[in-house]
Every structure is written in structure tokens, then in C-alpha cells.
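Only one structure is covered here, and it is reproduced in the block below.
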Amino acid sequence: MSAATALVLVSHSAQLAAGAVEVAQQMAPDVAIRAAGGTEDGRIGTSYDLVEQAVTALLDGGATAVAILTDLGSAALTAESVVDVLDDDRVVMVDAPFVEGAVAAAVAAQSGGDAAAVGAAARTAIDSFGDSATIGASTTAGDVAVEAADAVERSVVLRNRLGLHARPAATLARKAADFDAEVTLNGVDAASVLALMGLGLTGGAELHLRATGPQAAQALEAIVADVEAGFGEE
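Numbering (mature numbering (1 follows the signal peptide of the UniProt record, and there is no 0)), first residue to last: -17 to -1, 1 to 217.
Quick look at the structure:
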């Protein structure tokens, strides 16, 4: 079943747009993502018609909203023209880093996010990725001023050799988002795929999981099961 919010990735390069779609699609297999890269005759540039066709195809295919991300300024102008002409509240522009934003937006859409949630995830992509290593390295039990009484904690060792690279990070983030719980992993938001990747954890690293909320225990149980199974990569 496809996610309700779809994405269009607009780039000056057809290859760049297609590559960004490929990366984002691996992390969000149920999200409809279309590339609109280059010109219609294969040159570097952007095409109003290609963007409009991508957006219209997604709406006709059942998407309840379409978020458009672009790489450079003139691509944004082309996409904005499409949004203005279509004059459809279901179509929104998202000002965010192209690749990182596409990944974050796709994961948010995969988790059922509407256009607003998808856009917010994309816009905070750089912060999530850039701050995660520092947060993860510096956060200890002593740094937490207030501990929730219902907090559940688990520790587990990464079994797959490559660790939390893109695919397992996306799997873990989707699993964390599936439950009514707030989950952190080594001090970062476990529902943020870019924050998880930013930790740079490889096989053999220890994961410290903490969760609060009505489904805290279930969330950690599900995540630990995936980690111990090596995310299917062993």
C-alpha cells in the first residue's frame, strides 16, 4: 500500500535526480517518488513540463499530497511556477537540502506523515545529521537532568558488519516511529534516519536505547529484535 504523501525531486541533472530517488526509495519503499531532472532533450537544466507531468501523475495515481524538493535556485523557480499554475493545495514546495532532505522526507512519508510533517522533516535534515555525532558522543546518564519514571532502557550490540548505514538506519527509524513512544538511541532521536546515520556506528558498537510512553517496552523489544537479527544482513 502506497504512502499518502508523494515526492518529486527536481534537479538540473537527470542522473542526480534519479540517484536521489534511488537512495530515498531504498529507505521508503512504499512512498511514490518521481524524478524530474534535466531538460526534455537530455541537457543540464530544468523543465516545467517534466515537473508538471511528475506532479500530475502522482496526484492521478492517488497521492493525497505531493512535496517538491529542488537542488538549485532556478530549479526552485521552475517548481514554483508549476505550483502556481496548478493552484492545488495538495502540492507544496519544500525548501530543504536536496539529498538529505529527500531522504528525511521519504522516511517521514513512509511513516504516514502528511505534507506538513514531511516538509518539517526535510527542513531539519541538516540539523539532524550534523548534530547527531556530537550529541551521541557527549550524552551520558549524568547529562540527563530529569529521568522519566516510566523510562525503559536496553543495550544491544550491532551484529551486522556495516552497522547503521542507510538501509538499517531507515529500518530502525521506521520501527521507532511505529510505536506510541519517544525512543532515543545513543542520545539521538531514533525516528530520525539522518541522526542515526550521523552517529557513524559500525558492527560491534553498543547501542543504548531509551524509550518513554505507552508503548515504550514494545518499541524497544521490536528494535532490539531487528538489531539482534542483523537487520537481515548477516
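The C-beta atom is built at its ideal place from N, Cα and C for all residues, glycine as well. Fair warning: this is a prediction, and the values are worked out from it, not measured in the lab.
Checklist entry - Is residue -16 helix, strand or coil by DSSP? => result coil
Next on the checklist: Distance check for residue 43 and residue 176, CA to CA, integer angstroms please.
Outcome noted: 29 Å
Checklist entry - Which residue's Cα is closest to the Cα of residue 68: 39, 174, 18? => result 39
Item to check | Per-residue burial, residue 93 [other beta carbons within 10 Å of its own, 16 or more giving buried] | outcome: buried
Item to check | Rounded separation between residue 127 and residue 179 - CA only | outcome: Because the pLDDT at residue 127 is just 41, under 50, the model does not fix this residue reliably, and the point stays unresolved.
Checklist entry - Would DSSP call residue 74 helix, strand or coil? => result strand
Next on the checklist: Measuring alpha carbon to alpha carbon, tell me which residue in 146, 84, 170 is nearest residue 275.
Outcome noted: Any answer about residue 275 is impossible in this case: the structure gives the chain only from -17 up to 217.
Checklist entry - According to the Cβ coordinates, are residue 185 and residue 146 closer than 8 Å? => result yes
Checklist entry - Which whole-angstrom value is the C-beta distance of residue 62 and residue 34, which I expect to be below 8 Å? => result 6 Å
Next on the checklist: Assess contact between the region 153 to 165 and the region 188 to 208, defined as three or more Cβ pairs (one per stretch) separated by less than 8 Å. Is contact present?
Outcome noted: yes
Item to check | Presumed contact (8 Å Cβ cut-off) between residue -11 and residue 52, rounded CB distance | outcome: 7 Å
Next on the checklist: So the candidates are 82, -7, 50, -5; which of them puts its Cα closest to the Cα of residue 6?
Outcome noted: 82
Item to check | Presumed contact (8 Å Cβ cut-off) between residue 139 and residue 199, rounded CB distance | outcome: The Cβ separation is near 15 Å, so there is no contact.
Next on the checklist: Going by DSSP, what residue range makes up the alpha helix (DSSP H) through residue 138?
Outcome noted: Careful: residue 138 lies outside any alpha helix (DSSP H), inside the beta strand (DSSP E) at 135 to 140.
Checklist entry - Measuring CA to CA, which of 72, 189, 71, 10 is closest to residue 148? => result 10
Checklist entry - Buried or exposed: which applies to residue 102, given that a residue is buried once 16 or more other Cβ atoms fall within 10 Å of its Cβ? => result buried
Checklist entry - So is residue 182 buried or exposed if we call it buried at 16+ other beta carbons inside 10 Å? => result buried
Item to check | Close beta carbons around residue 3, own chain, < 6 Å, minus the five adjacent residues each side | outcome: -9, 82, 85
Next on the checklist: On a Cα-Cα basis, can you pick out the residue from 95, 97, 88, 96 that is closest to residue 106?
Outcome noted: 88
Checklist entry - Taking C-alpha atoms, which residue in 71, 108, 73 lies nearest to residue 91? => result 108
Checklist entry - Are the Cβ atoms of residue 46 and residue 15 separated by less than 8 Å? => result yes
Item to check | residue 215, enclosing beta strand (DSSP E) - first and last residue | outcome: Element bounds for residue 215: n/a, residue is neither H nor E.
Checklist entry - Residues in its own chain within less than 8 Å of residue 211 by CB, not counting five upstream and five downstream? => result 139, 142
Checklist entry - Does the distance from the C-beta atom of residue 265 to that of residue 97 stay below 8 Å? => result This structure cannot settle anything about residue 265, because the visible part of the chain is limited to -17 through 217.
Item to check | C-beta contact flag for residue 50 and residue 20 at 8 Å | outcome: no
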